[in-house]
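**Q** For reference, the structure I am asking about is given below.
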């Protein structure tokens with residue numbers, strides 16, 4: 062895995078050359094790795110939603126039923142019913158969470174002395190904070206202020222990217 066990280070790091074450094082006057086290299090690495098992980102998220106989501114949940118006898122993206130014995134005391138038969146778009150999110154989110162962590166740990170913030178498990182725990186906490194900021198931000202901007210959802214999401218994404226960069230740099234992967 063270290064060889065892959067070295068190859069990615071060299072490629073990102075090569076892409077950085079025209080931007081070195083304008084951006085610190087670590088910020089550029091963060092942007093490239095985050096952007097690549099975002100594209101991976103979109104592609105995986107598209108594939109899972111359109112091919113995993115559109116395939117089979119219920120090709121109209123019907124509800125997904127998940128039987129979980131742990132829920133048997135809470136739900137009838139322990140069966141959880143979720144929409145295909147949320148089921149897709151549940152499948153894709155852990156994958157991109159781990160790829161994002163790996164990229165941040167091995168390409169962006171390589172000088173951290175914190176142990177891997179502690180980094181992962183902190184990384185997950187920052188991601189959870191970003192989910193909370195997204196949720197609250199959309200509730201406030203769209204439902205309370207009456208803004209359009211897309212510009213609201215763009216503004217909130219800019220906020221969460223900034224929060225995430227500094228939280229990852231000074232908390233999850235600090236030196």
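Residue numbers (the numbering used here): 62 to 236. C-beta atoms are modelled at their ideal positions from N, C-alpha and C, and glycine is treated no differently.
Name, in chain order, the residues that DSSP records as bridge partners for residue 128.
**A** 140
**Q** Report the residue from 219, 151, 232 whose alpha carbon sits nearest the alpha carbon of residue 186.
**A** Here the closest residue by C-alpha is 232.
**Q** Say the cut is 7 Å; is the CB of residue 174 nearer than that to a heavy atom of the ligand FMN?
**A** You won't find the ligand FMN in this model; it holds no ligand whatsoever.
**Q** Give every residue of the same chain whose Cβ lies closer than 8 Å to the Cβ of residue 63, excluding the five residues on either side of it in the sequence, and list them in chain order.
**A** 167
**Q** Compute the Euclidean distance between the alpha carbons of residue 153 and residue 211, then round it to the nearest angstrom.
**A** Residue 153 and residue 211 have their C-alpha atoms spaced approximately 22 Å apart.
**Q** What would DSSP say about residue 107, mapped onto helix, strand or coil?
**A** helix
**Q** Which same chain residues end up closer than 6 Å to residue 126 when comparing Cβ atoms and leaving out the 5 residues on each side of it in sequence?
**A** The beta carbon of residue 126 is closer than 6 Å to those of 140, 142 in its chain, skipping five residues each way along the sequence.
**Q** I need the DSSP call for residue 200, collapsed to helix, strand or coil.
**A** helix
**Q** According to the neighbour-count rule (16 or more other Cβ atoms, all chains shown, within 10 Å of its Cβ), is residue 213 buried or exposed?
**A** By the neighbour-count definition (other C-beta atoms within 10 Å, threshold 16), residue 213 is a buried residue.
**Q** Does the region 157-166 come into contact with the region 99-106, if we say contact requires no fewer than three beta-carbon pairs (one atom in each stretch) closer than 8 Å?
**A** yes
**Q** Please classify residue 147: is it buried, with 16 or more other beta-carbons within 10 angstroms of its beta-carbon, or exposed?
**A** exposed
**Q** Hey, is the region 105-116 in contact with the region 72-84, meaning 3+ C-beta pairs nearer than 8 Å?
**A** The region 105-116, when compared against the region 72-84, does not touch it at the 8 Å Cβ threshold.
**Q** At what residues does the alpha helix (DSSP H) containing residue 75 begin and finish?
**A** 63-77
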